[in-house]
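Protein chains in written order, with this note's numbering: chain A, 12 to 308; chain B, 12 to 308. Read through the structure below, which is laid out as structure tokens, and then see the notes.
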DNA sequence: TCGAGACTATGCTCTCAAGGCATGGAGCTA
DNA sequence: TAGCTCCATGCCTTGAGAGCATAGTCTCGA
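Written out as structure tokens, the structure is:
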């Protein structure tokens, strides 16, 4: 039983005669005649009654017809889907992103997708492995590390890493604070699993500033709450709460920043769609965080 | 694109390598390899990425996979359906019956069908054409005429044609009435479209009884209502209402009766199922109407 | 760095199924 | 009964699909 054979069967059933069906599918009448007979043998069912000189659907044939039509319709659907992939469309998209990025950025972005956009699936991945996920089912990877050169990519956002202090803090009238200066205050930092902490650690190391007094916080809200209690400066990347005063942190190479990149396989069949989606994601970051983007490398 | 090709694709996608897929579908590796390539050419989409010595599903391939699996599943479904037809099963049954039989007998019977029984479709047909419907899509035909000998058939029921009179009628102490006698009373008969009327007319003709005073009623309820009003004797075949007194009508060849037959094509693939269904319908008639059946001819 | 192993691609050949052509037979109609 | 339409069958050709052998490529471990 092949699609061709089913097509013949449906053609005969719908046109009523083998000859007409032969015209419709552009083969000769004997070819159809034989294929029908063969299909009957294979299925073990008489699909047509031949008792009147011409073919007539049998009861079994009538029951089988909708099945055959269904299979053909689905096959057509599959063909069309393939055609749309060839044209660069995506029906579904799998996005790989580290958990924090996912909840802070990706999830709200997905909420803005329209019905014509691909249906998204998201997989959480270790920040280091996000780009590897592209080889294992992900169409688009989001991460804070710059993607390898072989991948197509887009810079999505550059978000400052803030030091938040209470409004009556001695730094309340400055817009930024130097790393060295920051080290004189108790730092309410996130655990090393969070990117802002990693950036802070690396910047301190680079600037050869001796480690300040650090309190590990399990999440940004806690850090900010402690800062609001006057316990120190909260180093996080999200929006301020509790009326805290934001300070940029200036290190050896300028203000501390957390970068966000999107990357995808350059040979992806829907690379254009992914590119456009990355651009929209960038727009989204700008609107949501006012995050200006460094020029793409 | 044929089912075989799709099967190869799914096998490769699911097993991960061409070689393993070749084992699974019992052909050699080069055969699969070529068929996959050909499928890709036909669809115009790279289903696999070959950049690592071995095949790996591409993004497009991942999207196409569920389509291919769906088509194969449906094709399997069609095959299984055909197998069940070969085994004599019916998924759907089309029953042809005249309107009155349909509402009085068939519809209540269909209400007794279980979930394992075929899904019924009913077509109303002229009583004369019911058996012809077997050639145009009906699996089972119900009618009041004896079916032609070439068809397989079963006698379903013999229902008396009653003459109903008011309880205070002069016939109230008899169980039957002779045709000649009936002709002395006003007959509240149905219109000639109804079988009881036809039977009455034919019996009168056969007995050479001159036509009685007849009032045409458009339905049995009206006829019985008029009888209850003392306007005459209602000649119908359904159950009594309004406390009317039933009388069998005895003609030249015995009591007037209306017969019910089921017929089907003897070559029908599910002839056994139809036979069994007819038997159940007969049982149903016996239980519902206490209608004893004449021996099958 | 080199060889072994696993996997895929390709050239060659063969086979068989599908299709075309010609023709015969059956049923309907005028 | 002739003519028309339709289906079935025999014969032949072609081409797609499959097998075999082999070459190329990648990976991994010694």
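Just so you know, even glycine gets a beta-carbon here, dropped at the ideal spot from N, CA and C.
Can you tell me whether residue i is buried or exposed, with buried defined as 16 or more other CB within 10 angstroms of its CB?
i: residue 293/B; result: buried
i: residue 12/A; result: buried
i: residue 279/A; result: buried
i: residue 247/B; result: buried
i: residue 277/B; result: exposed
i: residue 157/B; result: exposed
i: residue 180/A; result: buried
i: residue 308/A; result: Here residue 308/A scores only 34 on pLDDT, less than 50, and its place in the model should not be relied on; the value that follows carries that caveat. It counts as exposed.
i: residue 115/B; result: buried
i: residue 55/B; result: exposed
i: residue 161/B; result: exposed
i: residue 208/B; result: buried
i: residue 49/A; result: exposed
i: residue 143/A; result: exposed
i: residue 136/B; result: buried
i: residue 164/B; result: buried
i: residue 147/B; result: exposed
i: residue 223/A; result: buried
i: residue 254/A; result: exposed
i: residue 98/A; result: exposed
i: residue 202/B; result: exposed
i: residue 85/A; result: buried
i: residue 268/B; result: buried
i: residue 69/B; result: buried
i: residue 155/B; result: buried
i: residue 119/B; result: exposed
i: residue 177/A; result: buried
Name the chain A residues that come within less than 7 Å of residue i, Cβ to Cβ?
i: residue 320/B; result: Any answer about residue 320/B is impossible in this case: the structure gives chain B only from 12 up to 308.
i: residue 128/B; result: Here the premise fails: no neighbours, minimum Cβ distance about 15 Å.
Please report the Cβ distance between residue i and residue j, rounded to the nearest whole angstrom; I am assuming they are in contact, meaning their Cβ atoms lie under 8 Å.
i: residue 226/A; j: residue 241/A; result: Actually they do not touch by this definition, with Cβ atoms about 13 Å apart.
i: residue 82/A; j: residue 82/B; result: 7 Å
i: residue 237/B; j: residue 193/B; result: Rounded, the Cβ-Cβ distance is 15 Å, inconsistent with contact.
i: residue 149/A; j: residue 109/A; result: Wrong, their Cβ atoms sit about 12 Å apart, outside the cutoff.
i: residue 231/A; j: residue 212/A; result: Going by Cβ atoms, the distance from residue 231/A to residue 212/A rounds to 16 Å, so no, they are not a contact pair.
i: residue 66/A; j: residue 75/A; result: 14 Å between Cβ atoms; not a contact.
i: residue 186/B; j: residue 298/B; result: At roughly 23 Å, the Cβ-Cβ gap does not stay under 8 Å, so residue 186/B and residue 298/B are not in contact.
i: residue 167/B; j: residue 289/B; result: 7 Å
What residues from chain A crowd round residue i, counting only those whose CB sits closer than 9 Å?
i: residue 12/B; result: 14, 86, 89, 90, 93
For residue i, return the contacting residues in chain B, with the cut-off set at a CB-CB distance below 9 Å.
i: residue 56/A; result: 93, 94, 96, 97, 280
Residue i touches chain A at which residues, Cβ-Cβ below 8 Å?
i: residue 103/B; result: 74
When you measure from the CB of residue i to every non-hydrogen atom of the ligand SAH, does any distance come out below 7 Å?
i: residue 67/A; result: With respect to the ligand SAH, the structure offers nothing, as it holds no ligand at all.
**Prompt:** Quick one: complete alpha helix (DSSP H) runs, 4+ long, within the region 231-296 of chain B?
**Reply:** Runs found: 231-239.
Tell me which residues of the region 69-88 of chain A have at least one Cβ-Cβ distance to chain B shorter than 8 Å, keeping chain order.
Contact annotation: in the region 69-88 of chain A, residues whose CB is within less than 8 Å of a CB in chain B are 69, 70, 71, 73, 74, 75, 78, 79, 81, 82, 85, 86, 88.
Complete beta strand (DSSP E) runs within the region 142-227 of chain B (minimum length 3 residues, chain order): Runs of beta strand (DSSP E) with 3 or more residues, each lying fully within the region 142-227 of chain B, are found at 151-154, 163-171, 173-176, 187-189, 198-201, listed in chain order.
Exercise for review: Report the residue ranges of all alpha helix (DSSP H) runs contained in full by the region 59-125 of chain B; include only those spanning at least 4 residues, in chain order.
Suggested key: Counting only runs of 4 or more, we get 70-97, 118-121.
| Taking Cβ-Cβ distances below 7 Å as the criterion, which residues of the region 137-153 of chain B are in contact with chain A? | Listed by position along the chain: 148, 150.
Check your understanding: Fully enclosed by the region 19-49 of chain B, which alpha helix (DSSP H) runs are 4 residues long or longer?
Key -> Runs of the alpha helix (DSSP H) inside the region 19-49 of chain B: 29-36.
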